[in-house]
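In this note's numbering, the protein residues as written are 84 to 154.
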């Protein structure tokens with residue numbers, strides 16, 4: 084959860100900050116492109132977190148499963 088919150092905070096800071104040359108020219112950046120870029124970055128972070136959680140869960144189930152019994 085902490086990783087996701089950090090990613091959201093980072094993405095929002097990137098989305099709401101304008102480069103100096105854009106501020107100097109008084110040009111409004113395209114909010115649709117900015118939102119699309121943030122959505123793309125958040126999707127990548129979400130996939131990375133889900134992969135990490137999935138691998139951690141599979142490691143835990145493999146380690147905690149009882150040994151196979153053969154008769």
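Heads up, the beta-carbon is just placed ideally off N, CA and C, and yes, glycines get one too.
Open item on the list: Just verifying my parser: in three-state terms, what is the DSSP assignment at residue 113?
Closed with: Locating residue 113 in the chain shown gives position 30, where the first residue counts as 1. Residue 113 falls in the coil class under three-state DSSP.
Task: residue 140 versus residue 92 - alpha carbon distance - done: As a position in the chain shown, residue 140 is number 57, starting the count at 1. As a position in the chain shown, residue 92 is number 9, starting the count at 1. Distance from the CA atom of residue 140 to the CA atom of residue 92, rounded to whole angstroms, is 26 Å.
Open item on the list: Measuring straight from C-alpha to C-alpha, what distance separates residue 88 and residue 117?
Closed with: Reading the chain shown from its first residue, position 5 is the one you call residue 88. Reading the chain shown from its first residue, position 34 is the one you call residue 117. The alpha-carbon atoms of residue 88 and residue 117 are separated by roughly 19 Å.
- [ ] Report yes if the CB atom of residue 90 is closer than 7 Å to the CB atom of residue 121, and no otherwise.
- [x] The residue you call residue 90 lines up with position 7 of the chain shown. The residue you call residue 121 lines up with position 38 of the chain shown. By the CB criterion at 7 Å, residue 90 and residue 121 fall outside the cutoff.
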